[in-house]
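Let me begin by presenting the structure, written as structure tokens, before commenting on it.
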Amino acid sequence: MNVRKMLTVGEVLHSANQHSEDQPQRTCIGCRKKAPRSELLRLVAESSGSTAVLVDERRRMAGRGAWLHPSETCLALAVKRRAFGRALNGATGATAVERWILARKQAASPLQEPSATAAKPSNLKAGQKTDGNPMSSQR
């Protein structure tokens, strides 16, 4: 005898929400919203006594960690709120975090040229090839 139980809409929604609740929840130090740990970036203070903040990609570095959405918006909010210093006991240097987020953003959109190479002035004079040798029609 094969009897199937009919589920109500509430039971289906509860089981779907329960699956996402299985993951540990963390709070972003930028926007202060809770999200699963897998969606956030773990940050730690550098252990050598400096004020630098490092990105812990593997989520295994020793020490107190802070969590941030990997977006420029949340990074800007965290800097504006001075959240790094509070969450990581005096660490304020977020340049490594900013570089990591910008590198991920550029890797996601490979069609855009990096602004550093586009704004670089050329040292070539008129009539020179890119290798620096003068162009000549005679060989």
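Residue numbers (the numbering used here): 1372 to 1510. Cβ coordinates follow ideal geometry from the N, Cα and C atoms, glycine included. Keep in mind the model is a prediction, meaning the values are calculated, not measured.
Around the Cβ of residue i, are there at least 16 other Cβ atoms within 10 angstroms (buried) or fewer (exposed)?
i: A1479; result: exposed
i: G1434; result: exposed
i: L1473; result: exposed
i: A1449; result: buried
i: G1401; result: buried
i: A1447; result: exposed
Heavy atom of the ligand FAD less than 7 Å from the Cβ of residue i, yes or no?
i: R1408; result: The ligand content of the structure shown is nil, which means the ligand FAD is not present either.
Between residue i and residue j, how many whole angstroms is the CB-CB distance? I'm expecting something under 8 Å.
i: L1425; j: A1458; result: Not confirmed; about 13 Å, so no contact.
i: R1475; j: P1441; result: 6 Å
i: G1436; j: R1413; result: 5 Å
Continuous beta strand (DSSP E) assignments of at least 3 residues falling wholly in the segment 1387-1422: 1396-1398, 1405-1407 and 1412-1416
Length at least 4, wholly inside the segment 1434-1474: the alpha helix (DSSP H) runs in chain order: 1443-1451 and 1454-1458
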